[in-house]
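Chains as they are written, first to last, in my numbering: chain A, 107 to 414; chain B, 107 to 414.
Glycine included, each C-beta is placed from N, C-alpha and C at the ideal position.
The structure appears right after this line, and notes come after that.
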């Protein structure tokens, strides 16, 4: 496997993409803001900005853009699609942090939206970010071909809803409330839905935008599935081993909640080994793309090595 | 203006459409439910069914189907689009009822979702219904032409989000918390967003599905705007004059919250006159369609005459 891109190249590219994403997220919200000069819901708009601007690694948008780029697609349309996915991620953080859900006060080192604003605005800001994601994804500037836009809309909805992220969060809350610990198989299923589905859709969106063949798309989905699983184990390891100052959010939450994770089931060391195996699996899934996929390979390694 | 359809024809048709919608909503949720045989989020799915099945006049779907029918479009695709809009309406009721929002315990004569389940499930059920709406709207069986599906997705998102329903709800909450009463212009703007946008989109969706000309679409939008405004005044009149047993939800809420409505600003009689004027305006906007639009005319009159 060739290694034309170094880890520092990758970090520079991740930061460059995050900058582009930040700019476009702000621009999209600005455009939206001017629909209505009189009697505008300013506080809602402010909460939407607060929830989506000023931070985050922007890993999901990176996956969209890097997989599209690998297949020869780039430009403002790809960036818009990447931002649509990021808006969904941002909405999910706002709603997951609510008192009735995970009840978190801190996110990216800042008060969560319901703390900085209030609960009603946090609910509405999440709703509006989710809704806006489909506006952005479905609209003409995202792609000339409406069939591509419609496919992206449906894919995003499936990754986000009952069968994906929201369903995974419901399973997670049910598991916390239950006296019976989850079986390994159930933990994996839950995590594949809760965090895996959006990450997997990131590369799938890149595949759709880049006009991937069926085989290419299948390879990218295999990569996305392994990456998503590795990402979640790394997250669970960080929760068990890091501190709030490094994470920018509360640490040790899983143990405090008696949450079943691969760390609690396998132990820390075996969880680390499994994470490394999944990263290798993710890299292996990209074989057919040769060195063009080095950015995605680095992303898989980054997933495991990240500190927050 | 011809009167080929009578009021009882209209009621029969409204009920027939509601039956079709109920069936399709259930069918769509069933299809979605089988994505995942192992470890399914059953309680979330149950809450989504509870929130969307078993009641409601289904006025928004009726507007989609009746305006599409008037333009010669019907069938399962139109019904799916109508159901996508209804899922958004159902999600909005679930979230609006939450303790942090309007804090309602009763809806359609039954406990609200967060009462029948819990707050976390209510938030997630709303999120998942909203997300599912875009899945249904964007997917192939809704229309052969992906440009139509993408246009419907974007229109639905705009009617539902910051510039529409969610933004209107944010303005409404801000007004309740404010010491300064809203000006008439602000009340109208708020209501056009909060309830008007989805009703207007109903006929617009019908126009898109029916391949309306620009002039036809403009006429339908004018109808939708007047209908939406009439609907909201009628709602405010019902809140002021009806009781919980008839409404299936708490009555007298507006006065209890010192909410500015056209009833509180104009008084009951002037509000009734204005409502009737808006219904006449809605009917007038349909002139170009002759008797083909009688169903929509009846819908406008129904809006004013309804008891719940």
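CB contact check: residue i to chain A, cutoff 7 Å
i: residue 317/B; result: no
i: residue 150/B; result: yes
i: residue 247/B; result: no
i: residue 368/B; result: no
i: residue 303/B; result: no
i: residue 272/B; result: yes
i: residue 147/B; result: yes
i: residue 108/B; result: Caution applies to residue 108/B, whose pLDDT of 43 falls short of 50 and renders its modelled position unreliable; the model cannot decide the point.
i: residue 331/B; result: no
i: residue 252/B; result: yes
i: residue 276/B; result: yes
i: residue 138/B; result: yes
i: residue 327/B; result: no
i: residue 413/B; result: no
i: residue 405/B; result: no
Where residue i meets chain A, residues with beta-carbon distance less than 9 Å
i: residue 154/B; result: 268
i: residue 390/B; result: Within 9 Å Cβ-Cβ: nothing; residue 390/B doesn't reach chain A, min ~26 Å.
Proximity to residue i [Cα-Cα], best of the options
i: residue 157/A; options: 220/A, 329/A, 259/A; result: 220/A
i: residue 324/A; options: 307/A, 339/A, 278/A, 340/A; result: 307/A
i: residue 203/A; options: 334/A, 231/A, 361/A, 188/A; result: 231/A
i: residue 263/A; options: 236/B, 277/B, 265/B; result: 236/B
i: residue 402/A; options: 175/A, 150/A, 154/A, 138/A; result: 175/A
i: residue 241/A; options: 260/B, 190/B, 226/B; result: 260/B
i: residue 149/A; options: 209/A, 229/A, 272/A; result: 229/A
i: residue 281/A; options: 270/A, 297/A, 269/A; result: 297/A
i: residue 271/A; options: 147/A, 196/A, 320/A, 173/A; result: 196/A
i: residue 396/A; options: 177/A, 132/A, 153/A; result: 177/A
i: residue 294/B; options: 316/B, 372/B, 116/B; result: 372/B
i: residue 180/B; options: 255/B, 316/B, 212/B, 161/B; result: 316/B
i: residue 392/A; options: 368/A, 328/A, 409/A; result: 328/A
i: residue 365/B; options: 233/B, 292/B, 302/B, 254/B; result: 292/B
i: residue 348/A; options: 137/A, 173/A, 411/A, 194/A; result: 411/A
i: residue 409/A; options: 301/A, 375/A, 318/A; result: 301/A
i: residue 274/B; options: 320/A, 173/A, 146/A; result: 146/A
i: residue 415/A; options: 344/A, 398/A, 406/A, 278/A; result: Examination of residue 415/A is not possible in this model, given that chain A is present from 107 through 414 alone.
i: residue 367/A; options: 277/A, 200/A, 194/A, 215/A; result: 277/A
i: residue 352/A; options: 258/A, 255/A, 212/A; result: 212/A
Test: residue i CB closer than 7 Å to a CB of chain B
i: residue 307/A; result: no
i: residue 348/A; result: no
i: residue 165/A; result: no
i: residue 234/A; result: yes
i: residue 183/A; result: no
i: residue 241/A; result: yes
i: residue 279/A; result: yes
i: residue 244/A; result: yes
Counterpart residues of residue i in DSSP-defined beta bridges
i: residue 212/B; result: 217/B
Under 7 Å by beta carbon: chain A residues contacting residue i
i: residue 225/B; result: 206
Per-residue contacts from residue i into chain A (C-beta, under 8 Å)
i: residue 229/B; result: 201, 204, 206, 207, 229
i: residue 260/B; result: 240, 241, 244, 245
Neighbour list for residue i in chain B, Cβ cutoff strictly below 8 Å
i: residue 446/A; result: Chain A is shown from 107 up to 414; residue 446/A falls before or after that span and cannot be answered.
i: residue 178/A; result: Neighbours of residue 178/A on chain B: none; closest Cβ ~22 Å, over 8 Å.
Within chain B, partners of residue i - CB distance below 7 Å
i: residue 255/A; result: 256
Within chain B, partners of residue i - CB distance below 9 Å
i: residue 215/A; result: In chain order: nothing, as chain B lies at least about 24 Å away.
Does the stretch 242 to 252 of chain B come close enough to the stretch 118 to 136 of chain A to have 3 or more Cβ pairs within less than 8 Å? no
If you pair each beta-carbon of the stretch 124 to 133 of chain B with each one of the stretch 160 to 173 of chain B, do three or more pairs fall below 8 Å? yes
Three or more C-beta pairs below 8 Å linking the stretch 379 to 395 of chain A and the stretch 338 to 346 of chain A: yes
Inter-stretch contact at 8 Å, needing at least 3 Cβ pairs: the stretch 383 to 398 of chain B / the stretch 320 to 336 of chain B: yes
Below 8 Å, how does it come out for the stretch 311 to 322 of chain B and the stretch 254 to 272 of chain B: are there three or more Cβ pairs, yes or no? yes
Three or more C-beta pairs below 8 Å linking the stretch 344 to 360 of chain A and the stretch 284 to 291 of chain A: no
Cβ contact (3+ pairs, closer than 8 Å) linking the stretch 178 to 193 of chain B and the stretch 206 to 224 of chain B: no
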